[in-house]
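Scroll down for the structure; my scribbles are underneath it.
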Amino acid sequence: MGDGDFDMVLPETAPVADWFARFTGFPGFGLFIVLLSVAVGALVAKFLVRLIGRPVARRVSRQSVAQTIVRGVRVGTITIATLIGLGAAGFRFADLLLGTAVFSAVIGIILAPLVGNFINGVFILADQPFEIGDMIELEDGTTGFVEDITIRYTKIFTLDNTFLVVPNGTMRERDVTNFSAEDERTRRTIDVLVTYESDIDVARQKIERAARDCEAVIDGGPDIRIGVARYTASPDCRLHEFGDDGVLLRLRYWVKKPYKLGKVQSDVNTKIRNRIADANVEMAYPHRHLVFDDTSGVARVGGPEDGSDTERAGIRDDDDRAGHMPESVAPSGDRAGSNDESRSDGSEGTDSPTRAESAPDEEGSTADDRGSI
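Position 357 of the sequence shown, counting from 1, maps to 357 under the UniProt record's numbering, and the rest follow consecutively.
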């Protein structure tokens with residue numbers, strides 16, 4: 001075979017796939033070349049990941065960044081192998097660029113969310129608002145541990161034993177509370193309202209002791225420093241303010257692990273209730289006094305602050321019914337006795353009406369109009 005015959009079989013510009021197709025007579029050999037290139041690229045990527053995985057993990061302190069580097073090496077290797085296979089199959093990249101330019105607007109609209117998530121993922125990795133293993137709380141109250149941070153999304157393993165996948169574009173727009181950023185110890189606050197008659201010093205001691213009895217509560221040690229501020233590590237109960245119904249005591253305590261906040265708060269509340277019940281301390285709650293006016297027959301509610309009255313109920317039907325009223329609202333015995341004396345008189349008892357008969361009800365009728373009860 002001469003040089004000219006060889007050039008006819010394998011021209012200088014002919015792709016490898018065309019040469020193999022002519023040589024073997026297999027028309028789909030180009031697709032086989034592409035698939036083979038992808039497979040080889042995957043094997044090479046797997047080898048490279050094993051080769052550089054541990055060195056990258058040792059040199060990069062942040063686990064999320066190390067995982068992103070390893071993923072980039074894997075994706076880059078497979079992409080390069082795919083491009084090599086496409087080139088060997090005779091694929092022309094100039095045609096691809098021309099087609100992309102024609103449909104760039106459509107592709108841009110379709111890929112805009114994906115590109116946005118990619119860019120936000122880069123910002124999350126750079127800003128370091130949270131790391132893999134941190135306990136975070138989203139603005140909707142969802143709490144969990146960061147399981148994975150990728151370029152496109154963040155995966156959260158919630159305390160309800162469920163996975164939550166949040167796109168990075170949405171993640172950067174949310175308010176995220178990180179319980180593990182610097183120190184896992186978390187401070188909680190409980191308000192307790194006691195009466196003015198209670199012993200405030202005893203109440204504070206009982207409340208602090210109730211918090212110390214919980215195992216998950218920090219019971220002393222060096223002060224906890226947050227920025228330039230220092231806070232005592234042991235439970236601390238202070239008189240916060242004088243309220244309308246009692247004295248407000250505020251307890252602050254620190255919890256060792258953030259995922260135990262709910263259980264610890266319930267235990268502290270229970271122990272506070274039990275200890276206060278055994279001491280000379282009474283929890284305060286709003287009080288209202290019911291005052292009955294014998295003259296008008298109207299019951300009023302006296303306010304605890306300024307003594308202002310609010311009309312609530314109340315017309316007596318007759319004097320016999322007043323005898324069944326509670327002591328706090330029943331008329332005085334002298335007036336009831338005078339009514340009995342007026343009825344014992346023959347003529348006056350029948351002609352003169354009683355207070356119950358003359359007192360109108362809410363609709364303007366008297367007791368006689370409503371009938372006897």
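Virtual Cβ for every residue (Gly too), placed ideally from N, Cα, C.
In this text, all values refer to a predicted model and were calculated from it rather than measured experimentally.
Would you decide whether residue i is buried or exposed? Buried here means 16 or more other CB atoms lie within 10 Å of its CB.
{"i": "Q128", "result": "exposed"}
{"i": "T154", "result": "buried"}
{"i": "L125", "result": "buried"}
{"i": "Y253", "result": "buried"}
{"i": "A88", "result": "buried"}
{"i": "R238", "result": "exposed"}
{"i": "G85", "result": "buried"}
{"i": "V228", "result": "exposed"}
{"i": "V165", "result": "exposed"}
{"i": "A279", "result": "exposed"}
On a Cα-Cα basis, can you pick out the residue from the options that is closest to residue i?
{"i": "K257", "options": "V217, I190, V281, L83", "result": "V217"}
{"i": "L193", "options": "R50, L251, T82", "result": "L251"}
{"i": "T232", "options": "N269, R275, R187, I200", "result": "R187"}
{"i": "L43", "options": "F32, V73, V56", "result": "V73"}
{"i": "V202", "options": "A45, V264, L249", "result": "L249"}
{"i": "R275", "options": "D223, D245, E208", "result": "E208"}
{"i": "T150", "options": "A81, L164, V122, D134", "result": "V122"}
{"i": "V247", "options": "D191, V255, D294, D267", "result": "D191"}
{"i": "L83", "options": "V40, E182, A210", "result": "V40"}
{"i": "T177", "options": "K271, N161, V146, G85", "result": "V146"}
{"i": "I132", "options": "L51, G116, Q205, A181", "result": "A181"}
{"i": "residue 374", "options": "T77, A81, G76", "result": "The chain is shown from 1 up to 373; residue 374 falls before or after that span and cannot be answered."}
Going along the chain, which residues of its own chain have a beta-carbon closer than 7 Å to the beta-carbon of residue i, five neighbours each way excluded?
{"i": "residue 374", "result": "Because residue 374 is not part of the residues shown, which for the chain are 1 to 373, the question remains open."}
{"i": "M8", "result": "Unreliable positioning characterises M8 in this predicted model, as indicated by a pLDDT of 42, which lies under 50. The coordinate reading is nonetheless provided below. So no residue of the chain qualifies."}
{"i": "L159", "result": "T143, G144, Y259"}
{"i": "D175", "result": "E139"}
{"i": "F242", "result": "none"}
What are the boundary residues of the alpha helix (DSSP H) that includes residue i?
{"i": "M171", "result": "168-173"}
{"i": "A181", "result": "A181 -> no alpha helix (DSSP H), and no H or E assigned at all."}
{"i": "G133", "result": "Looking at the DSSP string, G133 is not in any alpha helix (DSSP H), and its letter there is neither H nor E."}
{"i": "V268", "result": "261-277"}
{"i": "A211", "result": "200-212"}
Terminal residues of the continuous beta strand (DSSP E) containing residue i?
{"i": "L248", "result": "247-255"}
{"i": "T189", "result": "186-194"}
{"i": "I218", "result": "No beta strand (DSSP E) contains I218, which DSSP labels as neither H nor E."}
{"i": "K155", "result": "153-158"}
{"i": "V146", "result": "143-149"}
{"i": "R230", "result": "229-231"}
{"i": "R288", "result": "Note, R288: premise wrong, no beta strand (DSSP E); not H, not E."}
{"i": "E197", "result": "Neither: E197 is in no beta strand (DSSP E) and is coded neither H nor E."}
{"i": "D140", "result": "Counting along the chain, D140 falls outside any beta strand (DSSP E), and DSSP gives it neither H nor E."}
{"i": "D236", "result": "236-242"}
Looking only at its own chain, which residues have a Cβ that is under 6 Å from the Cβ of residue i, when we skip the five neighbours before and after it?
{"i": "E282", "result": "T195, S198"}
{"i": "D245", "result": "A284, P286"}
{"i": "G364", "result": "Reliability of the predicted coordinates at G364 is poor, the pLDDT of 42 falling under 50, and no value is obtained from them."}
Going by beta carbon distance, what residues of the same chain come within less than 8 Å of residue i, once the five residues before and after it are set aside?
{"i": "P55", "result": "none"}
{"i": "K46", "result": "R74"}
{"i": "Q265", "result": "R188, I190"}
{"i": "V70", "result": "V49, I52, G53, V56"}
In chain order, which continuous runs of the alpha helix (DSSP H) of length 4 or greater are located wholly inside the segment 44-79?
none
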